[in-house]
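Which chain is which? The protein sequence lines are U and F, in order. 103 is the number that this note's numbering gives to position 96 of the first sequence; each next residue is one higher, with no gaps. 434 is the number that this note's numbering gives to position 199 of the second sequence; each next residue is one higher, with no gaps.
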Amino acid sequence: MVASTAAARAEVLADARPQRRAIRDRLKRDWTLLALCVPGVLYFVVFFYVPLLGNVIAFKDYAPFLGINGSPWVGLDNFTALLAEPEFWSAVNNTLQITALQLLLYFPAPIALALLLNSLVGHRIKRFIQSVVYLPHFLSWVVVVAMFQQVIGGAGTVSGFLNSHGITIGNLMSNADTFKLLVTAQVIWKDCGWGTIIFLAAITAIDMSHYEAAAIDGADWKRRLWHVTLPGIRSVVLMMLILRLGDILSVGFEQMVLQRDAVGAGAAEVIDTYVYYHGIRDGDWGMSTAAGLMKGVIGAALIYAANKLAHRFGEQGIYR
Amino acid sequence: MRPPWMERPTIAGRTLKFLVLTAITVAVLYPFGLALGTSLMGRAESIANGGAYVLFPSKPTFEAYAVILSGGAVTRSVLISIGITLAGTALSLVCTVFLGYALSRRGMLGGKPILLMVLATFLFTPGMIPSYLMVKELGMIDTYQALIAPVLVNAFNVVVVRAFFQNLPDELFEAAKMDGCSEWRMLWRIAIPLSKAVIAVVGLFYAVSYWNTFFNAILYLNDQSMHPIQVVLRQFIFRGGAASGMDVAIVRDLPASSIQMAVLVIALVPILLVYPFLQKYFTKGVLTGAIKG
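So this is what it looks like as structure tokens:
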């Protein structure tokens, strides 16, 4: 009995040693690389993973002087209170309306522009247009909104021009009724060009011989577009659509904060601004964290579901 | 070159294409011209036309720039933004390149879990309030660190850098290793010199985002004297510059559109300066990120 345990122990040790040695050797070999990872990993832990855990305050009655650990648990109270809050539902409603508009008007825009750019034969012109349309992506939202103000605001040049020709459009920058369209137009102006990059790459990756074959079979440009180009970029379009779905509840936070004063919360309050004003401004920590958490979870779930759906249709999706 | 099978578009088609492309170009460039033109408008002209925007001022002057850059809130905010941008970009690049390099080396101990940890950040965000509380807990409220630390590393950029390093020929590293080269030396002597382009792009992405910092400044800085240019620009454009702590001389002259537009131009000039350099590389950078991500 004793002998057998000793033997077993020896066996275990013999088994464990090489592995431990291997790890020690690899540690010795890789310690420079691991050291290089330290600052980056530390960043993700401190500013990503720990705050992710910090979401527990959605289930607590958080009081700053008690701290996260000291604050009492309240179960789902924050969520029930939130769901009973008409202002929250108005924010959800605004968010969904803006998302729907963006899906309808903004999502296809870069695809259309990419097709148009691709149809250009002259390289110089193509380059020039590309550098022009990429540019707004790099501007801050403050600059973009200021630029819209110059053009279609109350004192804007286009509104002034239309006014002097008897067409009154009023101040589009502070009109709550058209605000959602305005926001969508701003997003298109800022990011439509930038969005073409990925679609242009997808179009370029299509085998030219397909076009040639189609042309020889007598397909005109419309048919080539329909039967070659569009199917060729289908998987990229789907991938972008899935990614967009994950962001469905985040609609231009800075953009909204900047313009909320001008049009009022009734039109410009979205989930993100709700979290900001009710949490950080008014100190309603638990409830606004609950709102933020719900948003995050729904977004991740949508990506997951859409990806599953894409696989079902035999597409690659964004991950396997 | 037009491929032989592609027919020439009809005249109507070409005209339509020309019109659409011109419209798009004008829609993008016109606001830039308007801001620049108005900012160069002299005080007298600005008052005479009631503060309207102009594309071509009758007598261009740098009056407005002289006023706002003669010290005070705008000058200070520009200096702050420059400082944040330089310091932030340098720190971000160091962390990103280090992490990207380590993750690009095959078979590194713990490489898989670390990579997964980076990639997972694409799927969720921790949410505004827990992030805010973290910054507060670290004592960073009303410090410039608050504009850098919470956005120090961008997972997308790590993926781009990693993909680039991975595509460098393996033989280079193997040969260096044979010669007894340490990982550290390989990073400095092989990987970095061969990836100047991608490092430039990623650096410029970081620089642009630091220069455009707006919301984090509002969130984490209560002290107005610390505000970067984007926040000050917002005060000038949307609030008539009348926030407390603004220079009395400038506030009195507002809302002279030339001054507002001069601040706007100052906020976007650095972007326009780096843009031509950035542009050469970014398509490639974006694509490696998108495909390998």
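Positions of the beta carbon are idealized from the N, C-alpha and C atoms, including for glycine. Owing to the predicted nature of the structure, the values given are computational and were not obtained by experimental measurement.
Item	Value
Selected residue, minimal CA-CA separation from U:V52, among F:I464, F:L387, F:I506 and F:L403	F:L387
Simplified DSSP state of U:V80, which is helix, strand or coil	Rather than Val, the amino acid found at residue 80 of chain U in this sequence is Trp. Note: U:W80 maps to strand in three-state DSSP.
Proximity of F:S281 and F:A497 at Cβ, strictly below 8 Å	no
Range covered by the alpha helix (DSSP H) that runs through F:R469	I464 to F473
Nearest neighbour of U:R251, chosen from U:N314, U:V277 and U:L207 [CA to CA]	U:N314
Interface flag, F:Y516 vs chain U, CB-CB below 8 Å	no
Buried or exposed by the 16-neighbour rule on C-beta atoms within 10 Å, applied to U:F320	exposed
Where F:K412 falls: helix, strand or coil (DSSP)	helix
Residue from U:F168, U:G161, U:V194 and U:G167 whose Cα sits closest to the Cα of U:L179	U:G161
Limits of the unbroken alpha helix (DSSP H) element including U:E94	P93 to L108
Residue-level contact to chain F via CB, U:M263, 8 Å cutoff	no
Cα-Cα separation between F:F359 and U:L49, rounded to whole angstroms	18 Å
Contact list for U:E219 against chain F, beta-carbon separation under 8 Å	P238 and W240
Assigned secondary structure, F:K252 (DSSP; H/G/I helix, E/B strand, else coil)	helix
Cβ separation of U:F186 and U:V304, assumed to be a contact under 8 Å, to the nearest whole Å	Between U:V304 and U:F186 the Cβ distance is about 28 Å, and since that is not below 8 Å, they are no contact.
Residues that U:I213 contacts on chain F, provided the C-beta gap is smaller than 8 Å	Correct list: empty, because the minimum Cβ distance to chain F is about 13 Å.
Stretch pair the segment 99-110 of chain U + the segment 258-268 of chain U: three plus CB contacts closer than 8 Å	yes
Buried/exposed call for F:E406, threshold 16 Cβ in 10 Å	exposed
Validate contact between the segment 238-246 of chain F and the segment 263-278 of chain U using beta carbons, cut 8 Å, 3 pairs	no
U:L265 and U:V152 closer than 8 Å at C-beta	yes
Spatial distance of F:V289 from F:V466 (CA atoms)	25 Å
In DSSP terms, what U:K67 is bridged to	U:W80
The segment 66-91 of chain U: positions lying closer than 7 Å to chain F by Cβ	none
Chain U contact for F:A477 (CB, 8 Å cutoff)	With a pLDDT of 47 at F:A477, under the threshold of 50, the modelled position of this residue cannot be trusted; read the value that follows with caution. F:A477 does not count as touching chain U.
F:L288 in three-state terms, based on DSSP	At residue 288 of chain F the sequence reads Tyr, which differs from the Leu that was named. In this structure, F:Y288 counts as coil in the three-state DSSP scheme.
Status (buried if at least 16 other CB within 10 Å, exposed otherwise) for F:V255	exposed
Whole-angstrom C-beta distance between F:F408 and F:I425, which should lie under 8 Å	7 Å
Cutoff 7 Å; reference F:S316; Cβ partners in own chain excluding five residues on either side	W446, P463 and I464
8 Å Cβ cutoff, U:W148 in contact with chain F	yes
Rounded separation between U:Y141 and U:L248 - CA only	20 Å
Cβ-based neighbour list, U:A297, same chain, cut-off 7 Å, excluding 5 preceding and 5 following	A65, N85, F86 and L89
Beta-carbon proximity of U:Q157 to F:P266, cut-off 8 Å	yes
Contact set for U:G273: own chain, Cβ-Cβ below 8 Å, skip 5 residues either direction	S97 and A183
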